Each structure stands twice: as C-alpha cells, then as structure tokens.
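What follows is a single structure, written as structure tokens, with notes after it.
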Amino acid sequence: MDLLIKGKNLEVGDEVRRYVERKIGRLDRYLPLMSEGTIELVHEPTRAASDQFVAQATLNSHGVLIRSEERAATLYAAIDAVVDTLHRQLTHFKGKIYQRARAHGGRPPKEISADMLAAAIPESPPQGALVRNKRFDIKPMSPEEACQQIELLGHTFFFLNADTQQYNVVYRRRDGNYGLIEPGLALR
Numbered sequence: 701m702d703l704l705i706k707g708k709n710l711e712v713g714d715e716v717r718r719y720v721e722r723k724i725g726r727l728d729r730y731l732p733l734m735s736e737g738t739i740e741l742v743h744e745p746t747r748a749a750s751d752q753f754v755a756q757a758t759l760n761s762h763g764v765l766i767r768s769e770e771r772a773a774t775l776y777a778a779i780d781a782v783v784d785t786l787h788r789q790l791t792h793f794k795g796k797i798y799q800r801a802r803a804h805g806g807r808p809p810k811e812i813s814a815d816m817l818a819a820a821i822p823e824s825p826p827q828g829a830l831v832r833n834k835r836f837d838i839k840p841m842s843p844e845e846a847c848q849q850i851e852l853l854g855h856t857f858f859f860l861n862a863d864t865q866q867y868n869v870v871y872r873r874r875d876g877n878y879g880l881i882e883p884g885l886a887l888r
C-alpha cells in the first residue's frame with residue numbers, strides 16, 4: 701500500500717513515520733486490497749489540551765474510501781485513536797460481507813474483493829429517511845459573501861460561485877473557521 705504521511709504545524713520525523721506505518725500496516729489483514737492511504741497529522745494550539753493533536757486518515761480500496769478523524773492530547777494518542785476507529789469500520793464492513801455470504805447460502809470468502817467491499821457499503825444512509833425536500837433560488841456570489849450568509853442565517857450555505865460558475869458549499873468547521881466544498885466528478 702502506498703501511504704502518504706503529511707504534517708501540518710508539526711514535523712513528521714522518522715520515528716513518527718515508522719509508528720504510523722506499523723499501525724496502519726496492521727489493518728492490511730482486515731482489508732488486503734487497500735491500494736493507498738493518506739494520513740494527515742495536525743497540531744492545533746487550542747485551549748483544550750485534550751484536542752491539540754488531530755490525526756486524519758483516508759484509505760482507498762479500489763475506489764471505496766474509508767475515512768476517520770480523531771483528536772487527542774498527544775500525537776501518538778491521536779494516531780492510536782484514528783487507527784482504532786478505522787479498525788472498527790473495517791471490522792464492521794468485513795462482518796457485513798460474511799453475513800451477506802451466509803444469508804445467500806454460501807461460505808464466507810477467504811479473500812475480500814473490491815466488489816464485495818462495495819456491496820457491503822450501503823447505498824443509502826442506514827438510519828433515518830429523507831423527510832423533507834427544500835427548494836430555493838441560488839444567486840451567484842463569492843465564497844466570502846457565502847461566509848457572511850452563514851453568520852446571518854446560522855447554517856451551512858449552498859451557493860453558485862460567481863468566479864467558477866459551479867455550485868459550492870461553505871460550512872463552519874469545529875475550529876471556528878470555514879470550509880469550502882467544490883464538487884468534482886468522480887470516475888470509477
């Protein structure tokens with residue numbers, strides 16, 4: 701598996717790199733088809749000492765993405781927490797694959813293929829249902845104007861970017877800053 705380890709506001713040394721590779725490498729037994737992964741380690745100076753380090757992990761298994769983000773007081777604790785979350789997600793999906801095989805009268809597979817993994821991921825959200833459909837007019841504006849609209853309205857804001865003529869989403873992040881989502885076409 702190709703593993704990219706990035707650091708933001710901290711230096712990722714060889715010791716940390718080896719630690720992450722060893723921890724993520726253990727997940728291979730749950731999903732041997734993982735082709736690539738990105739781990740981003742961030743140090744955010746916050747008032748809460750328990751949330752100063754953030755570990756974000758995104759694993760790609762032939763188009764199926766598994767993602768996790770965890771916060772902790774130390775860098776190693778954040779890495780451990782994100783690997784534990786990934787482990788739970790992979791165990792859950794692997795269990796679904798085995799349950800589906802047994803429900804159809806077959807034996808559980810020895811190897812998990814990309815098709816099996818894709819079939820185990822639900823097409824729709826597992827809980828709740830679509831209960832409301834809302835329609836509204838979108839006016840072209842800049843991302844900065846959309847951030848102002850969030851302050852006025854108090855919720856995530858969808859808008860037509862006046863610069864790119866594409867639909868975008870601006871949202872408030874946990875750290876109080878804003879994020880901009882620019883959709884792109886995913887090719888399978």
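Residue numbers (our numbering): 701 to 888. Backbone N, C-alpha and C define an ideal beta-carbon position, used for all residues, glycine too. Being a predicted model, the structure only gives us computed values, none of them experimental.
* **Reference P883, options R771, L860 and A772, closest by Cα** => L860
* Compare the Cα-Cα distances from P843 to each of R835, R874, N833 and G879 and report the closest residue. => G879
* Does the region 769–778 come close enough to the region 790–800 to have 3 or more Cβ pairs within less than 8 Å? -> no
* Asked: When DSSP labels each residue in this structure, what does T758 get in the three-state scheme?
  -> strand
* Mind checking whether Q789 and E769 have CB atoms under 8 Å apart? -> no
* **Buried versus exposed, by CB contacts within 10 Å (16 or more), I766** => buried
* To do: Tell me where the alpha helix (DSSP H) around R771 begins and ends.
  => Here R771 belongs to no alpha helix (DSSP H); instead the beta strand (DSSP E) covers V764 to A772.
* To do: Tell me, to the nearest whole angstrom, how far the beta carbon of N709 is from that of G737; I am working on the premise that it is less than 8 Å.
  => With 8 Å as the limit, N709 and G737 do not qualify as a contact, their Cβ atoms being about 21 Å apart.
* To do: With a threshold of 16 other CB atoms inside 10 Å of the CB of N868, please say whether the residue is buried or exposed.
  => buried
* To do: Could you check the C-alpha separation between D714 and M841 for me, to the nearest Å?
  => 45 Å
* **Whole-angstrom distance between R872 and R747, CA atom to CA atom** => 19 Å
* To do: Use the C-beta contact count for A846: other C-beta atoms within 10 angstroms, 16 or more gives buried, fewer gives exposed.
  => buried
* **CB contact flag (R726, F753, <8 Å)** => no
* What is the residue span of the alpha helix (DSSP H) that R726 lies within? -> First-last for R726: undefined, no H or E at that position.
* Simplified DSSP assignment, three categories, for T738 -> strand
* To do: Assign I724 to one of two classes, buried (16 or more other C-beta atoms within 10 Å of its C-beta) or exposed (fewer than that).
  => buried
* L786 classed as buried or exposed, judged by whether at least 16 other C-beta atoms fall within 10 angstroms -> buried
* Put K794 into one of helix, strand or coil per three-state DSSP. => helix
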